[in-house]
Ligand SMILES: Cc1cc2nc3c(=O)[nH]c(=O)nc-3n(C[C@H](O)[C@H](O)[C@H](O)COP(=O)(O)OP(=O)(O)OC[C@H]3O[C@@H](n4cnc5c(N)ncnc54)[C@H](O)[C@@H]3O)c2cc1C
Ligand SMILES: NC(=O)c1ccc[n+]([C@@H]2O[C@H](COP(=O)([O-])OP(=O)(O)OC[C@H]3O[C@@H](n4cnc5c(N)ncnc54)[C@H](OP(=O)(O)O)[C@@H]3O)[C@@H](O)[C@H]2O)c1
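Residue numbers (my numbering): 676 to 1192.
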């Protein structure tokens, strides 16, 4: 049953730093591990709720002055940005947290404003605001020899935790062409990444200009469609180095992405792809019917590109497709099909890098966006760190972040036990091989998961692990040691240094001081 949520603005917490947050479940301090959650986007909030439900002591730190991460338009966190016209492309029923339905009166694919409001309601409903320290960035996470993690914060504090849940998002670090295209550095027009796009006039006025949009993902589709509206850009060109199947939001009057629910999870991928290809061919046609290259891969072998409007725009000549870029000059771009265009501005919709600036790179990083994880959350040899929402589903992220969080919370209480490291490594290897076999090789396909299958596999693993834990009497898996450490406050000078370096430098000094205690 769906419910409508009342919106009490007084509790919103917008713009307020909560100062010292209440540390949840104080009675479990010293009995259960103490957890640090990095980020209060939709993944960090799911983590906070799961820990709260299990009575696990935790603090959640958020760079910005409110929850919502990417879905907070004009976020002041310095990392998230979305465009004014953004609507979700994953159906609301699939996107909602399983613990909190979206209001009945929400449309199928709501705007970012409704989505943000829903997240605020979620945070209020489950009392999460009091557990989040806003305007507070995690600057550095240092593993200690005893298995705890010392976390340095932007306000100069250093606090120890037994576990860290990483929910810092993976759609904020811009991926630009690397290496650059020949002549790219000579280009004299405007160029910026889709991450900074707000509307046709911000961050640059593109009205009346010849604009090139590069990429075949969802950012490229949305931005090209918007700029090609009458009276905006003079010409819009879309360049792709390979083709893409462009899925509509609706097929036969039904939300398209909900059709995947028609198949039980055990149906093999090849069968689903065969049926989907047939339906696509009948209902949409070939991409070459619209002047796009026909992809040289199958329908399910790339992250889905969804747009209701772009094919029509090609048909009406409002957007012109061009092959990949061959070379660039001060104002002109030459494409692989031999054509050349005078271009005033380029919007690089070339995807994102996975980045964890608070870890030392040699300790933990994701080169080329690859970071194999057990159920996309845990490195077998480091179960004290859990990633939340670090995946690219064929479907929405939120229910998967929620499921990962509940699973990990059970691990922290001892109600769930992980399988052997060897098993986890074999599982991950098999999964990795399957993914590489199925998807086109690209930095955007390093963490793909099938929505329903992911949830079902995690559920199965959770049941198995709970039985394992029962057999051994549910011992706590991560010894709670962090409460033994004092909270340290850096001197004023340490606090005032900039760009996150204060955290690391201060951290070294503070570590020495803790060691002396
Ligand atoms: C344009 C666009 C449209 C999208 N549309 C959809 C969609 O329709 N459906 C869908 O399911 N997904 C969509 N996505 C994917 C998107 O990543 C997820 O919807 C979702 O935002 C992921 O939430 P998150 O909490 O993991 O990350 P984010 O929303 O990025 O939140 C991360 C939070 O962590 C905070 N943070 C980061 N570093 C630190 C730090 N060091 N210290 C403290 N706080 C920190 C940030 O301030 C931020 O609040 C879209 C992505 C883009 C780019
Ligand atoms: N409305 C929505 O809900 C919405 C809107 C925007 C984005 N999103 C989501 O946000 C995430 C990111 O989407 P995105 O579109 O920004 O990025 P993306 O899905 O990673 O797509 C990047 C595109 O850029 C291409 N590319 C990368 N490097 C290139 C280069 N050097 N030269 C030419 N092309 C290059 C990629 O091609 P290759 O395949 O060849 O690498 C791909 O077509 C996705 O999960 C997406 O679903 C959702």
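Beta carbons: idealized from backbone N, C-alpha and C, even for Gly.
Everything numeric in this text was worked out from a predicted model, so none of it was measured.
Per DSSP, reduced to three states, the secondary structure at residue 1061 is strand. Inclusion of residue 925 and residue 980 in the CB contact set at 8 Å is not warranted, their separation being larger than that value. Counting of Cβ neighbours within 10 angstroms places residue 761 among the buried residues, the total reaching 16 or more. Along the stretch 781-836, the beta strand (DSSP E) occurs as fully enclosed runs of 3 or more residues at 813-818, 824-828 and 832-836, listed in sequence order. Residues of the same chain with a CB within less than 7 Å of the CB of residue 816, apart from the 5 flanking positions on each side, are 824, 826, 839, 1033 and 1034 in chain order. For residue 970, there is no enclosing beta strand (DSSP E), as DSSP marks it with neither H nor E. Contact between the stretch 1005-1018 and the stretch 957-965 is absent, with fewer than three C-beta pairs closer than 8 Å. Here the stretch 729-749 lies against the stretch 713-720, with 3 or more beta-carbon pairs under 8 Å apart. Straight-line measurement puts the Cα of residue 828 at about 42 Å from the Cα of residue 882.
By the C-beta criterion, the stretch 1139-1147 is judged to be in contact with the stretch 1075-1090, since at least 3 inter-stretch pairs fall below 8 Å. Minimum Cα-Cα distance from residue 950 among the listed residues 934, 963, 965 and 962 corresponds to 934. Within the stretch 885-917, the complete beta strand (DSSP E) segments of 3 residues or longer fall at 885-889 and 910-914, listed in chain order.
Going by DSSP, residue 1023 is part of no alpha helix (DSSP H) but of the beta strand (DSSP E) stretching over 1020-1023. In the displayed model, residue 1001 falls within a strand according to three-state DSSP. According to the DSSP secondary-structure assignment, residue 734 is paired through a beta bridge with 711.
Taking non-hydrogen atoms of ligand 2 into account, the C-beta of residue 893 is found less than 7 Å away from one of them. Closest by C-alpha distance to residue 1095, out of 988, 1040 and 1056, is 1056.
Here residue 1120 is not near residue 932, since their CB atoms are 8 Å or more apart. Contact between residue 787 and residue 735 does not hold, since their C-beta atoms are separated by about 22 Å, which reaches or exceeds 8 Å.
Counting C-beta pairs closer than 8 Å gives three or more between the stretch 700-712 and the stretch 1143-1156, which meets the contact rule.
If you check the C-beta of residue 710 against ligand 1, you find no heavy atom less than 7 Å away. Look at residue 1122 here: in three-state DSSP terms it is coil, with no helix or strand label.
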